[in-house]
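> Mind the numbering: the sequence shown is residues 835 to 937 in our numbering, read in order.
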Amino acid sequence: MANEVIALDPFGKTINLLPEVSFVEDDSHEVYDNAVTVIEKPAFVIEMKENNQTEFFYLRSIGWNKTLLIAVRLNNGQWEAYKYTRNPSNEILSKLLQNGKQI
Numbered sequence: 835m836a837n838e839v840i841a842l843d844p845f846g847k848t849i850n851l852l853p854e855v856s857f858v859e860d861d862s863h864e865v866y867d868n869a870v871t872v873i874e875k876p877a878f879v880i881e882m883k884e885n886n887q888t889e890f891f892y893l894r895s896i897g898w899n900k901t902l903l904i905a906v907r908l909n910n911g912q913w914e915a916y917k918y919t920r921n922p923s924n925e926i927l928s929k930l931l932q933n934g935k936q937i
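1. Can you look up Glu874 in the DSSP assignment and give me helix, strand or coil?
2. Between which two residues does the beta strand (DSSP E) containing Leu842 stretch?
3. Run through the DSSP bridge pairs and tell me what Ala915 is partnered with.
4. Determine whether the beta carbon atoms of Asn850 and Glu889 lie at a separation below 8 Å.
5. Residues bridged to Lys935 by DSSP?
6. Check whether the region 881-888 and the region 909-928 are in contact - that is, three or more C-beta pairs closer than 8 Å.
7. Do you know whose CA, among Val839, Arg907, Glu925 and Gln887, lies nearest Asn868's CA?
8. Among the residues of its own chain, which have a CB less than 6 Å from the CB of Ile847, if the five just before and after it don't count?
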């Protein structure tokens, strides 16, 4: 695809960013770069296994006052970043940490 955005995570997984994740806000390329940076240089990664499916959650601060959490799953043999949460709440992060494993 011509508009495909790909990031390589610290563990060597190639991750395709769906358009709704690649362009978190529609105003600039800055967010595009930050979405890729969250995958490539996360502050932390949580692995979650549920119903024989593994998901990874990448978290990183972007700028002074924004945090981005990106969810990644295996789809048709390829890792894809399929959703994001801007400034996730403490409850969301706590639930991920309780039910998943930080890697």
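Note that CB positions come from ideal geometry on N, CA and C, so glycine has one too.
By the coordinates alone:
1. helix
2. Val839 to Leu842
3. Leu851 and Val906
4. Not closer than 8 Å, so no.
5. Glu881
6. Too few Cβ pairs lie closer than 8 Å, so no.
7. Between Asn868 and the set Val839, Arg907, Glu925 and Gln887, the nearest pair of CA atoms involves Val839.
8. Correcting the residue identity first, residue 847 is Lys in this sequence and not Ile. These residues qualify, in order along the chain: Trp913.
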